[in-house]
Amino acid sequence: MSSVAAAPAVALVGNPNAGKTSLFNALTGARQKVANYPGVTVERKVGVLRLPDGSSADLIDLPGAYSLDPRSPDEMVTRDVLLGRQEGEAEPRAVIAVVDATNLSNQLRFVLELVQLGRPVVVALNMMDLAQRDGLTIDRAALERELGIPVVETVAVRRRGLEGLADTVLPLLGDAQKASLPQLDTRALQRRARDIANAVVSGGNQAGGFTRRLDRLFLHPLAGPLILAAILFLMFQAVFAWASAPQDWIDGGIAALQNLTVDLMPPGVIRDFIIEGLLAGVGAVIIFLPQIVILFAFILVLEQSGYMVRAAFLMDKLMASVGLSGRSFIPLLSSFACAIPGIMATRTIADPKDRMTTIMIAPLMTCSARLPVYAVIIAAFIPSTNVGPFGLQGLVLFGLYAFGIVGALVAALALRRTVTRGTGTGFMMEMPKYQVPALRDLMIGIWQRAYAFLRRAGTIILAATVVLWLFASYPVAPEGESQVDYSLAGRIGSGIETVVSPIGFNRDIAIALVPAMAAREVAVAALGTVYAIDSEDEEVLEGQLASRLGASWSLPTALAFLAWFVFAPQCISTFAVTRRETNSWRWPVFMFAYLFAMAYVGAGLTYWIASALLG
Amino acid sequence: MLICDLRPGVRAVIDTIDAAPADEKRLREHGFDEGVEVELLHRAAFGADPVAVRVGNASVALRRSMAAHITVSIREGAELTPQAAE
Numbered sequence: 001m002s003s004v005a006a007a008p009a010v011a012l013v014g015n016p017n018a019g020k021t022s023l024f025n026a027l028t029g030a031r032q033k034v035a036n037y038p039g040v041t042v043e044r045k046v047g048v049l050r051l052p053d054g055s056s057a058d059l060i061d062l063p064g065a066y067s068l069d070p071r072s073p074d075e076m077v078t079r080d081v082l083l084g085r086q087e088g089e090a091e092p093r094a095v096i097a098v099v100d101a102t103n104l105s106n107q108l109r110f111v112l113e114l115v116q117l118g119r120p121v122v123v124a125l126n127m128m129d130l131a132q133r134d135g136l137t138i139d140r141a142a143l144e145r146e147l148g149i150p151v152v153e154t155v156a157v158r159r160r161g162l163e164g165l166a167d168t169v170l171p172l173l174g175d176a177q178k179a180s181l182p183q184l185d186t187r188a189l190q191r192r193a194r195d196i197a198n199a200v201v202s203g204g205n206q207a208g209g210f211t212r213r214l215d216r217l218f219l220h221p222l223a224g225p226l227i228l229a230a231i232l233f234l235m236f237q238a239v240f241a242w243a244s245a246p247q248d249w250i251d252g253g254i255a256a257l258q259n260l261t262v263d264l265m266p267p268g269v270i271r272d273f274i275i276e277g278l279l280a281g282v283g284a285v286i287i288f289l290p291q292i293v294i295l296f297a298f299i300l301v302l303e304q305s306g307y308m309v310r311a312a313f314l315m316d317k318l319m320a321s322v323g324l325s326g327r328s329f330i331p332l333l334s335s336f337a338c339a340i341p342g343i344m345a346t347r348t349i350a351d352p353k354d355r356m357t358t359i360m361i362a363p364l365m366t367c368s369a370r371l372p373v374y375a376v377i378i379a380a381f382i383p384s385t386n387v388g389p390f391g392l393q394g395l396v397l398f399g400l401y402a403f404g405i406v407g408a409l410v411a412a413l414a415l416r417r418t419v420t421r422g423t424g425t426g427f428m429m430e431m432p433k434y435q436v437p438a439l440r441d442l443m444i445g446i447w448q449r450a451y452a453f454l455r456r457a458g459t460i461i462l463a464a465t466v467v468l469w470l471f472a473s474y475p476v477a478p479e480g481e482s483q484v485d486y487s488l489a490g491r492i493g494s495g496i497e498t499v500v501s502p503i504g505f506n507r508d509i510a511i512a513l514v515p516a517m518a519a520r521e522v523a524v525a526a527l528g529t530v531y532a533i534d535s536e537d538e539e540v541l542e543g544q545l546a547s548r549l550g551a552s553w554s555l556p557t558a559l560a561f562l563a564w565f566v567f568a569p570q571c572i573s574t575f576a577v578t579r580r581e582t583n584s585w586r587w588p589v590f591m592f593a594y595l596f597a598m599a600y601v602g603a604g605l606t607y608w609i610a611s612a613l614l615g
Numbered sequence: 001m002l003i004c005d006l007r008p009g010v011r012a013v014i015d016t017i018d019a020a021p022a023d024e025k026r027l028r029e030h031g032f033d034e035g036v037e038v039e040l041l042h043r044a045a046f047g048a049d050p051v052a053v054r055v056g057n058a059s060v061a062l063r064r065s066m067a068a069h070i071t072v073s074i075r076e077g078a079e080l081t082p083q084a085a086e
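Just so you know, the sequences run in chain order A and B. Here the first sequence stands for residues 1 to 615, where the numbers follow the UniProt record's numbering. Here the second sequence stands for residues 1 to 86, where the numbers follow the UniProt record's numbering.
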């Protein structure tokens, strides 16, 4: 599967914290293609590397690795591409090895391993600014002599050394010969790397004083966990507080479009469809874009600044108590935005059982798609009074998050004793030096995630909304009968109702649950559509939906509905990504079965207990 | 003595790495090797597990169970100045 003009491929490789992604972004700008390798789950990121002679090469951003002896699915792709064994990828003509200039004595070991492959290698001596900050002097010419390959100094976050890198890569591309070299083992490579580092590096105090001082605070036994809690609190606070203004604009924009449609078009099926189906449905989803952007901005800053590994360190003990490790904390935190990038982020977990367990519990983290559901129900049923200094509505929302987290911990514990039994490989992570994230890297990262979300809203969610609208609008009811009762959706809903009525769900909920499989937030749009179609006036939108629900649902039913959404895997995309990531049907089917069981029992208990208490 | 039993801020040198081949390779890939200077940097709040250690110029977080595979000896005159050791 070669690309059109078959530009030569150049692989970008390095240890996880060497600044590889920054260098990739700096070299290729926003001209990146993100796709998947056939058969495996690892993302394939390719960009265009402009060369000084006017031609270009395909720059492949390979997952960070410590060696060519893979432990995680990520590292396996790195090895296979470098060996020319990866399906769907041309053999790279040259390799750019990114190293952290402040840690040469260890990172050169991987460079030496890459050189042994016999392909042309260029070293990007990255983070030269941090090396200078630490007072290190590196003799570049001596390093070139010792390694026998070109070395270019770079500072990826400041775009320094990029042309030099391209100039150095160009002459290497012509030569397709692979040299055959003696292969040394890890230990010999380690010693050789240290000898080279000792010969070329001088000055400096060990392990960056700046990072050390910060760690004394961030990893302090008492202050550390408190700071982490404060950061997480700020993050969730920001998701709600900062997003509300842009959400109002989007809401206003959608309403304006609906009014415009009413003004411009004659009444009829097409106008109904545009207003009730298209605008109401997709609008109900796009409104979450600000929250997703804010959440990912936080996560990206935590990752790129180097703090995320500290968070993993602080969380390791808690995660260990349910059989996981601190490494699982990172994908689980991403899952608060959306389980899909969270599940994809588990690729860096080396131990397959740790990884499976993390994937299985990721959907229990309250993703942003649940927020619209929670927001509507809370607005309708929970009075906006205060309990002490806290608002009751906020407390209920916090409780739903906590409910999901506790559920996840219990589920992890149960899974580690049954389906994913066995001892894990523990926890070992290099802690990168702190640095200020580059704005460009943040922007590219946020853009890639926002784009993925909008694409989902534009395709699967749009399709689900349209189908629901059709099902709820046809066949047209005769005069005097309820349209929803008479419609196809109403009849399907009545069938499902028999299953869910024991846990307090009515027919309207049953109807909404089916399209909500496309995405949870569709439940809100679906309820909106159901009530809009039945109410002739076409004007039942978000605001009025809450009062409508308040009038027609009992409090126990509403609480059961909330409990259902804490657990229920109402998301086809999660199924699809789990199927892909685990490369099996067994795992996604198991995930959905156990989560639906938890949701049914959770909603049922909530309904029965609330009914008993409230009389 | 074991690397995880060092007092924070005391410099030591690795004597032996005695672990199953896969674990040993993993430790080596993170820079642990006989003769390399190390230092215990931090211990987590509960049960002092995991620990963070300096290995050469890098910091690595690892669990005690893994750190217990590494023995070290303290360098002569290796006590750092009090403010650096803190």
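Cβ atoms here follow ideal geometry from the backbone N, Cα and C, with glycine treated the same way.
Would you check if the distance between the CB atom of residue i and the CB atom of residue j is smaller than 9 Å?
{"i": "A518/A", "j": "A450/A", "result": "no"}
{"i": "L165/A", "j": "V157/A", "result": "no"}
{"i": "A489/A", "j": "V436/A", "result": "no"}
{"i": "G493/A", "j": "A380/A", "result": "no"}
{"i": "L400/A", "j": "Y374/A", "result": "yes"}
{"i": "L112/A", "j": "L59/A", "result": "no"}
{"i": "P120/A", "j": "A44/B", "result": "no"}
{"i": "T465/A", "j": "L278/A", "result": "yes"}
{"i": "F24/A", "j": "D80/A", "result": "no"}
{"i": "L545/A", "j": "V376/A", "result": "yes"}
{"i": "V55/B", "j": "A67/B", "result": "no"}
{"i": "R50/A", "j": "G88/A", "result": "no"}
{"i": "G323/A", "j": "L364/A", "result": "no"}
Expressed to the nearest angstrom, what Euclidean distance is found between the alpha-carbon atoms of residue i and residue j?
{"i": "P50/B", "j": "G407/A", "result": "25 Å"}
{"i": "T358/A", "j": "A411/A", "result": "10 Å"}
{"i": "P588/A", "j": "T578/A", "result": "6 Å"}
{"i": "T423/A", "j": "T557/A", "result": "42 Å"}
{"i": "A124/A", "j": "K20/A", "result": "9 Å"}
{"i": "L513/A", "j": "P331/A", "result": "27 Å"}
{"i": "R586/A", "j": "F596/A", "result": "15 Å"}
{"i": "A243/A", "j": "D251/A", "result": "12 Å"}
{"i": "residue 628/A", "j": "V36/B", "result": "Residue 628/A is absent from the model: chain A starts at 1 and stops at 615."}
{"i": "R26/B", "j": "E39/B", "result": "19 Å"}
{"i": "S487/A", "j": "G528/A", "result": "16 Å"}
{"i": "G281/A", "j": "F471/A", "result": "14 Å"}
{"i": "L117/A", "j": "A457/A", "result": "44 Å"}
{"i": "L454/A", "j": "R187/A", "result": "49 Å"}
{"i": "G84/A", "j": "F592/A", "result": "37 Å"}
{"i": "R491/A", "j": "S552/A", "result": "20 Å"}
{"i": "A223/A", "j": "R192/A", "result": "40 Å"}
{"i": "V48/A", "j": "E163/A", "result": "14 Å"}
Report, in whole angstroms, the separation of the C-beta atoms of residue i and residue j, which I expect to be a contact under 8 Å.
{"i": "I149/A", "j": "V200/A", "result": "Actually they are not in contact, since the Cβ atoms of I149/A and V200/A sit about 14 Å apart, beyond 8 Å."}
{"i": "A131/A", "j": "A101/A", "result": "4 Å"}
{"i": "A197/A", "j": "L108/A", "result": "6 Å"}
{"i": "V169/A", "j": "G161/A", "result": "Contact flag wrong, Cβ pair sits at about 12 Å."}
{"i": "I609/A", "j": "F561/A", "result": "Contact doesn't hold; Cβ gap of about 15 Å is too wide."}
{"i": "G203/A", "j": "L136/A", "result": "6 Å"}
Do residue i and the ligand ADP come close, with the Cβ less than 8 Å from some heavy atom?
{"i": "D316/A", "result": "No copy of the ligand ADP appears in this structure; indeed no ligand is present at all."}
CB-CB under 6 Å to residue i, same chain, minus the five flanking residues each way: which ones, in chain order?
{"i": "P383/A", "result": "none"}
{"i": "A599/A", "result": "W564, F567 and A568"}
{"i": "Q247/A", "result": "I287 and P290"}
Skipping 5 residues on each side, what residues in its chain have a beta carbon closer than 7 Å to that of residue i?
{"i": "G326/A", "result": "A312, F313, M315, D316, M319 and F427"}
{"i": "T71/B", "result": "M1, L2, D15 and T16"}
Enumerate in chain order the residues of its own chain whose CB-to-CB distance from residue i is below 8 Å, with the five nearest sequence positions on each side excluded.
{"i": "E538/A", "result": "Low local confidence applies: a pLDDT of 48 at E538/A is under 50, so the model's placement there is unreliable, and no value is given."}
{"i": "H69/B", "result": "I17, D18, A19, D23, E24 and L27"}
{"i": "G31/B", "result": "V55, G56, A58 and V60"}
Any contact between the region 494-503 of chain A and the region 241-261 of chain A? By contact I mean 3 or more CB pairs, one from each, below 8 Å.
No, they do not touch.
Between the region 592-607 of chain A and the region 42-59 of chain B, can you find at least three pairs of beta-carbon atoms closer than 8 Å?
Short answer: they don't touch.
Looking at C-beta atoms only, is the number of pairs between the region 518-527 of chain A and the region 327-342 of chain A that lie closer than 8 Å three or more?
Below 8 Å, too few C-beta pairs join the region 518-527 of chain A and the region 327-342 of chain A to call them touching: fewer than three.
Would you call the region 87-103 of chain A and the region 9-23 of chain A touching, i.e. three or more CB-CB distances under 8 Å?
In the pairwise beta carbon analysis, the region 87-103 of chain A is classified as touching the region 9-23 of chain A: at least three pairs are separated by under 8 Å.
Is it a yes or a no for the region 276-289 of chain A touching the region 369-376 of chain A, going by three-plus beta-carbon pairs under 8 Å?
Yes: the two stretches touch, three or more of their Cβ pairs being nearer than 8 Å.
The region 344-361 of chain A / the region 66-76 of chain A touching (three or more Cβ pairs under 8 Å):
Taking 8 Å as the limit for Cβ pairs, the verdict is that the region 66-76 of chain A does touch the region 344-361 of chain A.
Are three or more beta carbon pairs between the region 290-310 of chain A and the region 471-484 of chain A nearer than 8 Å?
With the cut-off at 8 Å, the region 290-310 of chain A and the region 471-484 of chain A do not touch.
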